[in-house]
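2 protein chains.
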Amino acid sequence: MTYEFDHHTAVHPNGDGSFAAELDRGWVVGGGVNGGYLLSLIGTALRATFPTKPDPLAVSAYYLSAGTPGPAEIAVDVRREGGSVATASVELRQGGETRIAALATYGDLDRLGDDVRTTAEEPVLPPPDECVANTLSPQEILEMAPMMGRFDMRFHPDHVGWVVGQPSGRGEIAAWFRLVDGREPDPVSLLMVVDALPPVTFDLGLMGWAPTLELTAHIRAKPAPGWLKVRHATRNVAGGMFEEDCEVWDSTGRLVAQSRQLARQPRPA
Amino acid sequence: MTYEFDHHTAVHPNGDGSFAAELDRGWVVGGGVNGGYLLSLIGTALRATFPTKPDPLAVSAYYLSAGTPGPAEIAVDVRREGGSVATASVELRQGGETRIAALATYGDLDRLGDDVRTTAEEPVLPPPDECVANTLSPQEILEMAPMMGRFDMRFHPDHVGWVVGQPSGRGEIAAWFRLVDGREPDPVSLLMVVDALPPVTFDLGLMGWAPTLELTAHIRAKPAPGWLKVRHATRNVAGGMFEEDCEVWDSTGRLVAQSRQLARQPRPA
C-alpha cells in the first residue's frame, strides 16, 4: 500500500536533474498550499538526487509566491558533493513562477555520531486522550485549512484558548502529532511537521494566515515510530513580523528537528 | 575617514551583477576567514543591488569551503523583486571554488511597523568595565583568531571559565560588543556580529574550531549607536553537531538580530 503522504509527495525525474510533482489540494491552508508540505516535496526530490546521502541535515526555504494545487516543477542544482555531505540549490516552480527558492545540505543521519548532550527540555503534554483533537477545530478553521484533515493532532489544553477567543497570550502551541493514515515519521516528513501547527500568533490573539518569508529546518536524528511532540513559540513579535521556533521530539524523547521561520504578522481581520 | 570595517567589506561592481571583493586577513579565525565577515560582504553586495530595499531581513548561508585571504567574487542572481521585499540567490567564490551559497530577502527596515511585543529577555551583563576584555585572551586564542583584533568585546565573567580550563558546562557565552575602530553597528554589520563570539562549545569544554554548515540571520531592526549585547547558546549538542542560537540587543534594549547556525562539533584535540 502507498500512504497518502507518500502519494502526495511523489516526484518524477524529468531526466535533466529536475522533477515533476503535483501539489495536492489536501494541503491548502489560508491563501495557498502549506509551506511545510512543499518543503517535503523538495526534500523528496533531493533524496532522489543524493542516494548515498538521503537525509536532510539543513534546509532553508525562501517563499516567493503562494503555491496552488496542480502541477509543479522542482529544479535541483547541485552546488557541491563530496565527503559526507552534499549541498544543492533548489527551486519549486509553477507555470514559470518561482514559489520557493531553497538551499539544502544532505547527508546520512545513520553515519553521525551517537552522542546526545541535549539540554533542551521535552515539552510536557497530558496524554493524547486528555488533549484537544484537531477534529474538534471550529468549522471556520477546518474550511480555511483543509490540511488539518491530513493530521491527527492533540493540542495541549492550555494552548487552544484562541478557539474560544481566549488566547493565553504566551505565544506558544504544543501538540501530539501523527499523520492520519498511520505513516510513520521520517527525516523528510519532519520538514512538513515543523510547519504543520497553526500559526503561533493564534495564541497571541492574532488570528489569520501568517505568510512565511523564510524557514530553516535542521533535522538532527531519524525519528522513532510513534507519536511526535511538536512545540512552537515566538519571542520576538515586532515590526509587523515574528519569528517562530519549532521543536519536534520523537517517541523516545529525542529532539529530532529544530526550525525557525520569519513570518509576517496576520493583518487584523 | 573610512572605518576599517567599511574598508574590509567594500565591494566593486563588475557591471554584470557580480561584485569583486578582497577577503582581508584580519578576519582569519581557525582554518579560514570568519563566516560572519563573509556574510557582511555578501550583505554589502546585496545592499548595492537593491538601493530602495537596502536592509537584510533574512539571510541564509551554506558554507561549502573555507575562505582564504585574497580576491573573491560575489555573484548575485535576483530571484524576485516586487512589493516591499526582494530575494536573491548569491554565491561567494574564490578561484572558481564556491565558498558560500546563500539566499537573502532584503527590504527597508524603516518602513516596517513600529510595534514591539518582544518577550525574549535582554541578557544581564555587568557593566563593560567589570567584564573580561577580549584583549586579555590567552595568546593561543589570539593567534588562532586574528579576527579578535577587530573587536572590543567584554565577556560576562561567568562565561570565560574555559580560558582557565573551567568551562561552565552550560553552553552559553554573552558579551558586550563594538568594533574596535568605533564604527557604529548597522543592519549589514549585524550579519557579522551574529558569528563573532567564540564557539559556544568552548563553554562546554570542547575547544577548537567549529565549522559552520549553515547560518541564518534575521535582522529585525536598525541598531542604535553604542554597545551591543551579544548572547549565544546551544541546547542540542548531538550526533557530532550542534546548533548555536545568537541574539543581538542594541543600546536601547531592543532585540535587533536573531540567528541560528548548525555547526560541526570541534574534534577532540
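So the protein lines, in turn, are chains C and F.
With our numbering, the residue at position 216 of the first sequence is 216, and numbering never jumps.
Just add 1000 to the spot in the second sequence (first one is 1) and you have our numbering.
Cβ coordinates follow ideal geometry from the N, Cα and C atoms, glycine included.
- In this structure, Ala1021/F and Leu1046/F do not form a Cβ contact; the two beta carbons are roughly 12 Å apart against a cut-off of 8 Å.
- Pairing Phe1155/F with Val1132/F gives a Cβ-Cβ distance under 8 Å.
- Among the residues of chain C, those whose CB is under 9 Å from the CB of Glu1243/F are His218, Arg220, Gln258, following chain order.
- Chain F has a Cβ within less than 8 Å of the Cβ of Tyr62/C.
- Interface criterion not met: the Cβ of Arg99/C is under 8 Å from no Cβ in chain F.
- Between the beta-carbon of Leu1255/F and that of Leu262/C there is about 13 Å, and that puts the pair past the 8 Å contact cut.
- The beta carbon of Trp1209/F lies closer than 7 Å to those of Gly1030, Gly1031, Pro1266 in the same chain, with the five residues before and after it left out.
- At a beta-carbon threshold of 7 Å, the residues of chain F lying near Arg80/C are Leu1064, Thr1098, ordered along the chain.
- Note on geometry: alpha-carbon atoms of Trp1227/F and Leu1206/F lie some 29 Å from one another.
- At least one CB of chain C lies nearer than 8 Å to the CB of Asp1115/F.
- Counting only unbroken stretches of 4 or more residues, the alpha helix (DSSP H) elements lying wholly within the segment 30-103 of chain C are 35-49, in sequence order.
- For Leu142/C, same chain residues with a beta-carbon under 8 Å away, outside a window of 5 residues either side, are Met148, Gly149 in chain order.
- In the assembly as shown, Arg25/C is an exposed residue. Its beta-carbon has fewer than 16 other beta-carbons within 10 Å.
- Interface annotation for the segment 120-134 of chain C against chain F: Ala120, criterion Cβ-Cβ distance under 8 Å.
- The segment 91-104 of chain C and the segment 59-74 of chain C touch, with three or more beta-carbon pairs separated by less than 8 Å.
- Using a 10 angstroms sphere on the CB of Asp195/C, the tally of other CB atoms reaches 16 or more, which defines it as buried.
- Residue-level contact by beta carbon holds for Arg235/C and chain F, with a gap shorter than 8 Å.
- The beta carbon of Leu39/C does not come within 8 Å of any beta carbon belonging to chain F, so the residue lies off that interface.
- In this structure, Leu197/C places its C-beta atom within 8 Å of the C-beta atom of Ile173/C.
- Using a CB distance below 7 Å, the part of the segment 161-175 of chain C facing chain F consists of Gly171, ordered along the chain.
- Residues Trp1027, Met1192 of the same chain have their beta carbon placed closer than 6 Å to that of Tyr1037/F, with the five preceding and five following residues left out of the count.
- Gly239/C belongs to the set of residues whose beta carbon lies under 8 Å from a beta carbon in chain F.
- For a cut-off of 8 Å, the C-beta gap from Asp1055/F to Asp1115/F is around 18 Å, too long to register as a contact.
- Ile1074/F and Ser1018/F have their alpha carbons spaced roughly 6 Å apart.
- Taking a beta-carbon distance threshold of 8 Å, Leu1213/F counts as an interface residue toward chain C.
- The closest CA to that of Ala224/C, considering only Glu244/C, Asp245/C, Gly169/C, Pro185/C, is found on Pro185/C.
- Per the DSSP secondary-structure output, Ser18/C pairs in a beta bridge with Ala75/C.
- Trp1176/F is bridged by DSSP to Arg1154/F, Lys1229/F.
- Annotated as distal: Arg1235/F and Ala257/C, with beta-carbon spacing of 8 Å or more.
- Straight across, the Cα-Cα distance linking Thr212/C with His159/C is about 21 Å.
- DSSP places Trp249/C within a strand segment (E or B) once states are collapsed to three.
- Close CB contacts of Glu122/C within its chain, under the 6 Å cut and outside five residues either way in sequence, are with Trp249, Gly253 (chain order).
- Only Leu57, Ala58 from the segment 46-59 of chain C bring a Cβ to less than 8 Å from some Cβ of chain F.
- Chain-order list of chain C residues neighbouring Leu1103/F: Ser60, Tyr62, Ala101, Leu103, by C-beta distance under 7 Å.
- At a cut-off of 8 Å, the C-beta of Ser89/C has a neighbouring C-beta in chain F.
- The shortest C-alpha to C-alpha distance from Gly1015/F to any of Thr1002/F, Thr1049/F, Leu1064/F is the one to Thr1049/F.
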